[in-house]
Amino acid sequence: MSIRLWPEQERPREKLLSLGAQALSDAELLAIFLRTGVAGKSAVDLAREQLQHFGGLRPLLESSESAFCQAPGLGRAKYAQLQAVLEMARRHLEAALVRDSVLDSPTAVRQYLSSRLRHQAREVFACLLLDNRHRVIRYEALFQGTLNAAAVYPREVVKLALQANAAAVILSHNHPSGVAEPSQADRQITERLREALALVDIRVLDHLVVGDTEVVSFAERGWL
0 MSIRLWPEQE RPREKLLSLG AQALSDAELL AIFLRTGVAG KSAVDLAREQ LQHFGGLRPL
60 LESSESAFCQ APGLGRAKYA QLQAVLEMAR RHLEAALVRD SVLDSPTAVR QYLSSRLRHQ
120 AREVFACLLL DNRHRVIRYE ALFQGTLNAA AVYPREVVKL ALQANAAAVI LSHNHPSGVA
180 EPSQADRQIT ERLREALALV DIRVLDHLVV GDTEVVSFAE RGWL
């Protein structure tokens with residue numbers, strides 16, 4: 000049955016406007032994004048089918064262009080729209096960090112870095128460069144490694160921080176394995192970076208390791 004024939008309170012768009020986006024299921028949210036179904040299937044039916052095919056909303060959102068475009072009812076136009084939506088979400092999170100001190104927004108920092116790094120297939124090492132009020136100057140991805148490690152050069156981190164006139168940094172990298180638990184090598188490079196940056200009076204406030212479902216903070220572990 001066409002969604003237009005459903006009771007108004009059950010239609011995804013009307014439900015969202017009435018109750019808010021948080022009241023919708025993954026399938027209903029995706030159906031609004033899809034807008035239309037295909038022959039014999041409503042947009043909600045199609046959304047449920049694609050969620051089952053990809054294994055959930057997150058795998059769908061993080062799928063490659065080729066995998067996404069091969070799915071019925073999707074295609075390159077939808078892929079482009081999706082990438083735009085995801086980038087707007089990242090920029091929204093970044094704008095909040097630029098406006099406020101990161102010390103007042105630890106959850107926003109985790110969400111932002113997770114949005115940047117969680118989906119990466121390779122290990123990426125990045126920095127949040129902060130001013131003297133601990134507001135974000137900018138995010139910079141510095142090094143990419145193999146699936147297991149990234150070569151991190153302290154002199155390059157120091158050079159970047161000085162060029163940005165940063166007063167502090169938050170270090171971050173992802174574990175493509177999905178397990179956020181820091182390794183001994185992670186702890187060693189963090190200490191090397193802390194010592195190198197301290198020579199030029201730049202503080203390392205934290206090092207966040209991004210996994211599949213968890214973000215581990217060195218500061219919370221008492222390692223900084």
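Numbering follows numbering that gives the first Met the number 0, in which position 203 of the sequence shown is assigned residue number 202; successive positions increment by one, without gaps. The C-beta atom is built at its ideal place from N, Cα and C for all residues, glycine as well. Bear in mind that the values here come from a model prediction, so they are computed numbers and not experimental data.
Beta-carbon proximity list for residue i, same chain, < 7 Å, skipping 5 on both sides
i, result
"residue 23", "11, 14 and 15"
"residue 68", "74, 75 and 78"
"residue 167", "129, 133, 201, 202 and 204"
"residue 35", "42"
"residue 107", "92, 95 and 96"
"residue 100", "132, 133 and 134"
"residue 53", "59 and 62"
Chain-order list of residues whose beta-carbon lies under 8 Å from that of residue i (same chain, five-residue window excluded)
i, result
"residue 17", "8"
"residue 45", "30, 33, 36, 37, 71 and 72"
"residue 255", "The structure shown does not extend to residue 255, since the chain spans only 0 to 223, so no value can be given for it."
8 Å contact criterion, which residue i and residue j should meet: CB distance rounded
i, j, result
"residue 206", "residue 159", "The pair is not a contact, with the Cβ atoms about 16 Å apart (cut-off 8 Å)."
"residue 192", "residue 215", "Contact doesn't hold; Cβ gap of about 17 Å is too wide."
Span of the beta strand (DSSP E), counted from its first residue to its last, around residue i
i, result
"residue 139", "135-143"
"residue 215", "214-216"
"residue 205", "202-209"
"residue 169", "167-173"
"residue 125", "123-129"
First and last residue of the uninterrupted alpha helix (DSSP H) at residue i
i, result
"residue 195", "183-197"
"residue 50", "42-53"
"residue 21", "Where residue 21 is concerned, there is no enclosing alpha helix (DSSP H), given that its DSSP letter is neither H nor E."
"residue 107", "105-116"
"residue 223", "Unbroken run through residue 223: none, as it is neither H nor E."
"residue 60", "56-60"
"residue 154", "153-162"
"residue 69", "64-69"
Nearest residue (CA-CA) to residue i, options the options
i, options, result
"residue 31", "166, 111 and 84", "84"
"residue 59", "144, 29, 222 and 20", "29"
"residue 63", "120, 95, 189 and 39", "120"
"residue 42", "53, 54, 156 and 27", "27"
"residue 180", "192, 161, 165 and 219", "219"
"residue 162", "196, 144 and 182", "196"
"residue 203", "214, 212 and 188", "188"
"residue 55", "25, 94 and 80", "25"
"residue 190", "153, 167, 145 and 44", "153"
"residue 200", "139, 129, 80 and 183", "129"
"residue 86", "176, 61 and 35", "61"
"residue 138", "44, 45, 165 and 186", "165"
"residue 93", "40, 82 and 109", "109"
"residue 145", "184, 217 and 122", "122"
"residue 102", "89, 135 and 90", "135"
"residue 2", "39, 21, 19 and 20", "39"
"residue 184", "176, 194, 149 and 175", "149"
"residue 175", "90, 186, 194 and 208", "208"
"residue 221", "186, 194 and 198", "186"
Same chain, Cβ closer than 6 Å to residue i, five either side skipped, listed in chain order
i, result
"residue 178", "210"
"residue 151", "124, 142 and 188"
"residue 213", "179"
"residue 89", "114"
The segment 161-180 in contact with the segment 100-117 per 3-pair CB rule at 8 Å: Result yes; three or more Cβ-Cβ pairs closer than 8 Å.
Inter-stretch contact (C-beta, 8 Å, three-pair minimum) for the segment 70-78 and the segment 46-53: Between the segment 70-78 and the segment 46-53 there are three or more C-beta pairs closer than 8 Å, enough to call the two in contact.
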